[in-house]
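Chemist: Would you mind keeping the following structure in view while I ask a few things?
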């Protein structure tokens, strides 16, 4: 039988004699080999070719779109990946909240989210079978707005120039701010649950409070109404010509106040002979058991602000 000789050319280099087994070392990157065979008469065979890629560096993946760190929309993820040569990956796999990895495409539209913390992972595999590491993104999905409740407010009728309002907040996803308004004017946004109401003017006032969480959910506004009243009521001078010579008399008492509100009910008090204070919730004053002599009656009115 005729002896067969092989020659090969690696990466378009010079032909090299070889046996039917070729051993060589190559660098990272693309390669190709051409092989021909000769018989003893120097007849040459057809040329065979083979190309392949050598890679040792794992591929990379990255996000090009993610939900916000706190988000009230389900949203989507977009991502891409490449191997060490800049070529697209053979596949990318996704895992939502610890589920098994599955092949996925970009964009990945989110459907099954849980209220609160969520986690999304991707990994990629190149054409050589090399796999990237896990790339994880964590965020909070929150569609529930904060809930506000007043826990401290001025009295319905107050005679204090400076007052305080305080609320409690129920919010699981993270609070962005609380905002107090006094008579429609914002007192500023902060994380404080307490607002100082300073230099109040006489008259009716409205406190309104709103809150927003980190996901952008807005609370339902809560409102509280009160009066600042720094003016004392006035007893009307209607008791003249008080009868004399009786051991029991009835004296009508009325008063008026600057705050004309149905809830601002005046209470009456009177002092008899500068000694004893009696409270009177309804006019008139009834004086009984009077002795002979001069008596002195003083009547007062107190409004709801005190």
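Residue numbers (the numbering used here): 36 to 341.
Where is the CB? At the ideal position from N, CA and C, for every residue including glycine.
Since this is a predicted model, take the numbers as computed values, not measurements.
#1: One question on the structure: do residue 222 and residue 215 come within less than 7 angstroms of each other, judged by their Cβ atoms?
#2: Note down the Cα distance separating residue 291 from residue 300, rounded to an integer number of angstroms.
#3: Given residue 386, which residues of its chain have a CB within under 6 angstroms of its CB, disregarding the five upstream and five downstream residues?
#4: Alpha carbon to alpha carbon, what distance is there between residue 99 and residue 72?
#5: If residue 320 sits next to residue 288, beta carbons under 8 angstroms apart, how far is it from one beta carbon to the other, in whole angstroms?
#6: Is it the case that the Cβ atoms of residue 125 and residue 160 are separated by a distance below 7 angstroms?
#7: Which of helix, strand or coil does DSSP assign to residue 120?
#8: Would the beta-carbon of residue 298 fall within 7 angstroms of that of residue 193?
#9: Rounded to a whole number of angstroms, what is the C-alpha to C-alpha distance between residue 174 and residue 293?
#10: Within the segment 138-196, note down every full beta strand (DSSP E) run reaching 3 residues or more, in order along the chain.
#11: Have a look at residue 263 and residue 243 and give me their C-alpha separation to the nearest angstrom.
#12: Do residue 303 and residue 332 have their CB atoms nearer than 7 angstroms?
#13: Would the beta-carbon of residue 186 be found less than 6 angstroms away from any heavy atom of the ligand FAD?
#14: For residue 145 versus residue 97, is the C-beta distance shorter than 7 angstroms?
#15: If you follow the beta strand (DSSP E) that residue 306 is part of, which residue opens it and which one closes it?
Modeler: Reading from the atomic positions:
#1: Going by C-beta atoms, residue 222 is nearer than 7 angstroms to residue 215.
#2: The straight-line gap from Cα to Cα measures roughly 10 angstroms.
#3: The chain is shown from 36 up to 341; residue 386 falls before or after that span and cannot be answered.
#4: Rounded to the nearest angstrom, the two C-alpha atoms are 52 angstroms apart.
#5: So it is a contact: roughly 6 angstroms between Cβ atoms.
#6: Result yes, Cβ atoms of residue 125 and residue 160 sit closer than 7 angstroms.
#7: Looking at residue 120 - three-state DSSP - the assignment turns out to be coil, as it is neither helix nor strand.
#8: Contact: no.
#9: Their backbone Cα atoms lie some 56 angstroms apart in a straight line.
#10: List check, beta strand (DSSP E) in window: 151-160, 170-176 and 182-187.
#11: Roughly 16 angstroms between the two C-alpha positions.
#12: No, the Cβ-Cβ distance between residue 303 and residue 332 is not below 7 angstroms.
#13: The ligand content of the structure shown is nil, which means the ligand FAD is not present either.
#14: Cβ atoms of residue 145 and residue 97: not closer than 7 angstroms.
#15: Note, residue 306: beta strand (DSSP E), 302-307.
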